[in-house]
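Some notes on the structure that comes next.
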Amino acid sequence: MSIKHVFDDANGLIDKALLGAVSTNPDLRLYAPHKVVYDTTHTPDKVAILAGGGGGHEPTFSGLVGRGLVTAAVSGDIFASPSAAQICSGVDLINSDKGLVVVVLNYTGDCLNFGLASEKARAAFSGAGKGQEVEMVIVGDDVSVGRSKGGLVGRRGLTGAPFVVKALGAASEKGWDVKSIGNLGRSMVKNFVTVGSSLDHCHVPGRATSDEERGALGPKAVEIGMGIHNESGVKHIENKPSGPDLIKEMLSLLLNKDDKERAFVSFEKDDDPVLIINNLGGMSNVELSAIVAEVVDQLKKDWELSPVRVYCGTYVTSLNAPGFNISLMKHKEVSKDIGSNVLELIDAPTDATGWSGVSQGWSDKAILKTPDEHLKESEKRLEEKRNTGHAVSGSLVSGKSASAGPKNGNPDKAKEALSSLCRAVIDVEPTLTKYDTVVGDGDAGETLRHCAEAILKAVEGNKIQCDRATAMVLGMTEVLESNMGGTSGAIYAIFLTGLVQGLVKSTENTDEEATVKHWGSAAVHALESLGHYTPARPGDRTLVDALDPFCRTLQKESDSGKSDKDALASAVKAAKEGAEHTRDLTARLGRATYVGETSEKVPDPGAWGVWALVEGILKAL
1 MSIKHVFDDA NGLIDKALLG AVSTNPDLRL YAPHKVVYDT THTPDKVAIL
51 AGGGGGHEPT FSGLVGRGLV TAAVSGDIFA SPSAAQICSG VDLINSDKGL
101 VVVVLNYTGD CLNFGLASEK ARAAFSGAGK GQEVEMVIVG DDVSVGRSKG
151 GLVGRRGLTG APFVVKALGA ASEKGWDVKS IGNLGRSMVK NFVTVGSSLD
201 HCHVPGRATS DEERGALGPK AVEIGMGIHN ESGVKHIENK PSGPDLIKEM
251 LSLLLNKDDK ERAFVSFEKD DDPVLIINNL GGMSNVELSA IVAEVVDQLK
301 KDWELSPVRV YCGTYVTSLN APGFNISLMK HKEVSKDIGS NVLELIDAPT
351 DATGWSGVSQ GWSDKAILKT PDEHLKESEK RLEEKRNTGH AVSGSLVSGK
401 SASAGPKNGN PDKAKEALSS LCRAVIDVEP TLTKYDTVVG DGDAGETLRH
451 CAEAILKAVE GNKIQCDRAT AMVLGMTEVL ESNMGGTSGA IYAIFLTGLV
501 QGLVKSTENT DEEATVKHWG SAAVHALESL GHYTPARPGD RTLVDALDPF
551 CRTLQKESDS GKSDKDALAS AVKAAKEGAE HTRDLTARLG RATYVGETSE
601 KVPDPGAWGV WALVEGILKA L
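Taking the UniProt record's numbering, the leading residue of the sequence shown gets 1, the next gets one more, and so forth.
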């Protein structure tokens, strides 16, 4: 495979590619600072479809923005999820009063960052009082990894994504409501299977060029199930079989009902599936067409299946990987679920230039814009949105949620509790670092301490408002998002965003003083919000093992009539017991799942950190 590129450096490559994408459709705009491509023709009376993820998979999703498809797409750098701040700008650039459906591929960074942005959108929409709702569809269609290895994380997202957003965009054009569109997306994912193979890894411009450094496959090798970020496949074959034999093995992974690891969708001979052949970026068109012919022939001869639609093209890529995906969708089951013909939605016209299918022309008023014009128009849109007080991007504390919910009866005491929380985290850092050195990569303590120091500095500098519960949590969240990255940062941010929503819902009386009862109900609401974006549950050896019992005990004890301090003390005790219990648990998520057995039984660092910070609150009371 060639490691030569026209652009030899990945820096700035995605920015240039996005500018190219909007140049092919003059109705589109690019907000370059946050890598957002959006459709200016989308009207407020239709549900908006927001999608995104790492760059390098084009045309998914930036090439799929247009009428009848995606309303806005947010891109990260190559193979890296966009930040929640980027995604929030994407939400604010969308023109819709009917709600939002967010679509992402099933990868941890994408799910968490888009999940966090979704929670912020819910909070902003709630404050606006327009009844807008947010639905999230996570696309996981890969069968190669299998149920056991996939575990709690589930199937990887592959070729299903562009077809899901195609149907969702068409449903929006037809005036479907946000709930119905979300249900449509989830039904499609449930009935979609994909398997891929590649003759080599892709090459990222500017990175290692030697075969050894970039993990190149042998000259005659092929890998079945290779991921779209160069993840290893499920089967490495040193001497590539013939084309028909390779396709035969791939179809078996999709269709063999006896393979309990991979039989995610059962196809019967009269199901007439939708067939998609996807170019991963480096296949020639002549070979791709030959693959189509061979797949159609084998489906009919070996499986008694006759595709009702055949799509062949470049939908989801892995840069220049010389490989392809085979996908099948059980459309009849989807149509049954939604009470409408899903084929009509996939067939519907669109002007998205990256879609290989039915299309429609540009609007009469379309005029190509310069990069400066793109930026000015986007910034004007964002300013108008922020002036409403219901923006998702920008300062969190300036939004309506900051003035809703209960007030802190004693702001000085609230400030003291927040400071105590931070100091407790700072003090426990050496212990967390020790634990994480045993079971992780050793950075858990430093990550938490860095964030705690930033929040403490903001508190001491009176940068966080403590007179109202929601404003205080929003202030914490704003500091956290700027100072705590990675998976843990996203998890804490999602929880705190959910906590704000819970506080707002706890009372409509803004003169009411916050009690542990308010905090307890809000904490459980936040916990449930977090559960939408991470599969982690008690028993998986994560911070949830301490967070879950803390939240639920706090609500239970406060509802039982206990005093605020006694209810909090019981909740802190439950958090410590949960954290201690992780010593005997096997990690099922995160980096710790890849660490070998150790004779030293230490608690999960994340869970121990949760206990330390809530104990810090208790010490201040």
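Ideal placement from N, C-alpha and C gives every residue a C-beta, glycine not left out.
Since we're looking at a predicted model, the values are computed, not measured.
{"Check": "Gly227 to Ser356, Cα distance in whole Å?", "Outcome": "22 Å"}
{"Check": "Residue range of the beta strand (DSSP E) that Ala587 falls in?", "Outcome": "That residue, Ala587, is in no beta strand (DSSP E); it is neither H nor E in DSSP."}
{"Check": "Rounded to the nearest angstrom, what separates Asp427 and Met484 at their Cα positions?", "Outcome": "18 Å"}
{"Check": "Can you give the Cα-Cα distance for Leu547 and Trp519, rounded to whole angstroms?", "Outcome": "14 Å"}
{"Check": "Considering just the uninterrupted stretch of the alpha helix (DSSP H) at Phe550, what are its terminal residues?", "Outcome": "544-559"}
{"Check": "Can you pull the DSSP bridge partners for Ala73?", "Outcome": "Val37, Ala51"}
{"Check": "By the three-class DSSP mapping on this structure, what secondary structure does Ile621 have?", "Outcome": "In the sequence as presented, Ile is not what sits at residue 621; that position holds Leu. Leu621 falls in the coil class under three-state DSSP."}
{"Check": "Could you tell me the boundaries of the beta strand (DSSP E) in which Met136 lies?", "Outcome": "134-139"}
{"Check": "Quick one: using the 10 Å Cβ neighbour count with 16 as the cut-off for buried, is Ala51 buried or exposed?", "Outcome": "buried"}
{"Check": "Residues in the same chain with beta-carbon distance under 8 Å from Lys248, minus the five sequence neighbours each way, listed in chain order, please.", "Outcome": "Gln298, Asp302"}
{"Check": "Report the residue from His532, Glu528, Ser197 whose alpha carbon sits nearest the alpha carbon of Pro549.", "Outcome": "Glu528"}
{"Check": "What does Asn325 pair with, by DSSP beta-bridge criteria?", "Outcome": "Gly196, Asn278"}
{"Check": "Nearest CA to the CA of Gly160: which residue from Lys240, Asp45, Thr317, Gly151?", "Outcome": "Thr317"}
{"Check": "Which residues in the same chain as Ala574 place their Cβ atom closer than 7 Å to its Cβ, once the five residues preceding and following it in sequence are excluded?", "Outcome": "Pro549, Phe550, Thr553"}
{"Check": "Where Pro382 and Leu217 are concerned, what is the direct C-alpha to C-alpha distance, given to the nearest angstrom?", "Outcome": "Reading the sequence as shown, one finds Leu at residue 382 and not Pro. One C-alpha to the other measures close to 47 Å."}
{"Check": "Whole angstroms is fine: what's the gap from Arg423's alpha carbon to Ala452's?", "Outcome": "7 Å"}
{"Check": "Just grab the DSSP bridge partners of Gly313 for me.", "Outcome": "Asn278"}
{"Check": "Is any heavy atom in the ligand ATP found nearer than 6 Å to the beta carbon of Ile494?", "Outcome": "Summarising the ligand content, the structure contains no ligands, and the ligand ATP is consequently not present."}
{"Check": "Of the residues Asn278, Gly281, Glu512, which one's Cα is nearest the Cα of Asp467?", "Outcome": "Glu512"}
{"Check": "Closer than 7 Å by C-beta to Pro14: which residues in its own chain qualify, once you throw out the five before and the five after it? Chain order, please.", "Outcome": "For clarity, residue 14 is Ile in the given sequence; the question names Pro instead. Once the five neighbours on either side are set aside, the close Cβ partners of Ile14 are Lys35, Gly55, Ser75, Asp77, Ile78."}
{"Check": "I believe Val504 touches Gly405 by the beta-carbon criterion, under 8 Å. Please report the beta-carbon distance rounded to the nearest angstrom.", "Outcome": "5 Å"}
{"Check": "Identify which residue in Lys4, Ala414, His229, Val139 has its Cα closest to the Cα of Val189.", "Outcome": "Val139"}
{"Check": "Going by other Cβ atoms of all chains shown within 10 Å of its Cβ, with 16 needed for buried, is Asn320 buried or exposed?", "Outcome": "buried"}
{"Check": "Within this structure, are the beta carbons of Ile224 and Val101 separated by less than 7 Å?", "Outcome": "no"}
{"Check": "Straight-line CA distance for Phe114 to Leu18?", "Outcome": "20 Å"}
{"Check": "I need the straight-line Cα distance from Asp566 to Val516, nearest angstrom please.", "Outcome": "10 Å"}
{"Check": "Are the CB atoms of Thr24 and Thr353 nearer to each other than 7 Å?", "Outcome": "yes"}
{"Check": "On the CB-based measure, 16 or more other CB atoms within 10 Å of its CB, does Glu212 come out buried or exposed?", "Outcome": "exposed"}
{"Check": "Go through its chain and collect everything with a Cβ distance to Glu446's Cβ below 8 Å, but skip five positions before and after it.", "Outcome": "Glu429, Thr433"}
{"Check": "By Cβ distance below 8 Å, which residues in the same chain neighbour His201 in space, the five residues on each side in sequence not counted?", "Outcome": "Met1, Arg214, Gly215, Ala216, Leu217, Met226, Asn230, Ala321"}
{"Check": "In the DSSP assignment, find the alpha helix (DSSP H) that holds Glu429 and state where it starts and stops.", "Outcome": "411-439"}
{"Check": "Could you check the C-alpha separation between Gly233 and Gly323 for me, to the nearest Å?", "Outcome": "12 Å"}
{"Check": "If you draw a straight line from the alpha carbon of Glu133 to that of Gly99, how long is it in whole angstroms?", "Outcome": "5 Å"}
{"Check": "Would you say Pro535 and Leu30 are within 7 Å of each other, going by their C-beta atoms?", "Outcome": "no"}
{"Check": "Where does Leu30 sit, in a helix, a strand or coil, going by DSSP?", "Outcome": "strand"}
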